[in-house]
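Numbering (the working numbering), first residue to last: 33 to 161. Cβ coordinates follow ideal geometry from the N, Cα and C atoms, glycine included. Remarks on the structure that follows.
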């Protein structure tokens, strides 16, 4: 594995670990969701890098996924929700809101599990070479 690919994957895993630790706290659901989004973003950028391309400086998961959808199959509805989480989690007015309101612990758990699945798929794709 190229060093840049390994580095992206390492950063994706770090965000997963942060989300897992924060999930145990219980009251930090928007922050858990933010780290889940960051992990998925970095997973997608890992795959882009593995294609020999420079990952775009974008946080748009749908756009990033479009560059690697030949390598991995993901649920786009969840990617769209995570896009919303990223934008809203960075500003105090909405603190990582979904259309239904701020994410709760169930949302956080679901997004964390989704990010774990994406991470596992990316590792499998990279292993398969």
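Examine chain D for any beta-carbon lying closer than 9 Å to the beta-carbon of residue 67, and answer yes or no.
In summary, chain D is missing from the structure at hand, where a single protein chain is found.
Using beta-carbon positions only, say whether residue 150 and residue 96 come within less than 9 Å of one another.
Not closer than 9 Å, so no.
Which complete alpha helix (DSSP H) runs does the stretch 67–141 hold, if anything under 4 residues is left out?
Considered as a whole, the stretch 67–141 harbours 93–98, 108–121 as its complete alpha helix (DSSP H) runs of no fewer than 4 residues, in chain order.
I'd like the list of long-range same chain contacts for residue 92, defined as Cβ closer than 7 Å, with 5 residues on each side in sequence excluded.
Excluding five sequence positions before and after residue 92, the CB atoms of its chain that fall closer than 7 Å to its own CB belong to 115, given in chain order.
Using 8 Å for Cβ pairs, my map puts residue 55 next to residue 144. What's the rounded Cβ distance?
About 6 Å separates the beta carbons of residue 55 and residue 144, which is inside the 8 Å limit, making them a contact pair.
What is the DSSP secondary structure of residue 155, counted as helix, strand or coil?
For residue 155, the secondary structure class from DSSP, reduced to helix, strand or coil, is helix.
Does the contact criterion of 3 or more C-beta pairs under 8 Å hold for the stretch 59–67 versus the stretch 76–89?
Verdict: no, contact absent.
If the criterion is Cβ atoms closer than 9 Å, does the pair residue 83 and residue 100 meet it?
The beta carbons of residue 83 and residue 100 sit closer together than 9 Å.
Going by beta carbon distance, what residues of the same chain come within less than 7 Å of residue 44, once the five residues before and after it are set aside?
Same-chain partners within the cutoff: 71, 74, 75, 78, 151.
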